[in-house]
Every structure is written in structure tokens, then in C-alpha cells.
Amino acid sequence: MNLDRAVLAFAGLVVLAGLALGYLVSPYWYLLTAFAGLNMLQASITGFCPAAMIFKMFGVKEGCAFK
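Counting from 1 along the sequence shown, just add 491 to a position and that's the residue number in the working numbering.
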């Protein structure tokens with residue numbers, strides 16, 4: 492798995508977790524979904540993704556989008 496796919500998989504997991512926790516536990520968990528969406532928007536505009544930096548530290552090989 493390259494860095495691009497790892498970042499997208501992680502973002503999808505955070506969105507799904509936020510939705511599930513918001514439905515099952517507390518509506519405040521929907522803020523997690525909003526945060527993930529805002530982070531994805533910010534990464535698409537600036538090219539800077541904190542999750543990509545963390546995955547790089549763990550040795551995930553680079554993809555095309557995040558270097």
C-alpha cells in the first residue's frame with residue numbers, strides 16, 4: 492500500500508468512525524467527521540497533509556499525490 496492509498500483509507504475510516512460514534516454515542520462525534528472533511532479539503536488545496544507525514548515516519552512508501 493502506498494502513501495496515497497493509506498491516507499485515503501485512514502480518512503475514510505475516520506469519517507465512518509465519526510458517523511458511527513455520532514449515531515451510537517453522542518452527536519458531538521459528528522465533529523470528528525467535520526474535522527476529517529476539512530483536513531481533506533485543506534490537503535487538496537495546499538498539498539500539505541499531516542497524516543501523510545505520520546505515515547511516512549512509519550515507512551509507508553510514497554505515492555503520486557503526497558511526497
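For every residue, glycine included, the Cβ atom is placed at its ideal position computed from N, Cα and C.
Separation of residue j from residue i, as counted between CA atoms
i: Phe539; j: Leu499; result: 14 Å
i: Gly554; j: Ala534; result: 15 Å
i: Arg496; j: Val551; result: 10 Å
i: Leu515; j: Phe546; result: 29 Å
i: Met492; j: Met544; result: 15 Å
i: Asn530; j: Tyr521; result: 14 Å
Identity of the residue in the options nearest residue i by Cα
i: Gly503; options: Val551, Phe549, Tyr519 and Ala542; result: Ala542
i: Ala556; options: Met548, Phe549 and Thr537; result: Thr537
Rounded distance between the beta-carbons of residue j and residue i, thought under 8 Å
i: Ala527; j: Gly509; result: 7 Å
i: Leu532; j: Val505; result: So it is not a contact: roughly 14 Å between Cβ atoms.
Assigned secondary structure, residue i (DSSP; H/G/I helix, E/B strand, else coil)
i: Val516; result: coil
Enumerated in chain order, which unbroken segments of the beta strand (DSSP E) with a length of 3 residues or greater are wholly contained in the segment 524–558?
Uninterrupted beta strand (DSSP E) stretches at least 3 residues long and entirely within the segment 524–558 do not occur.
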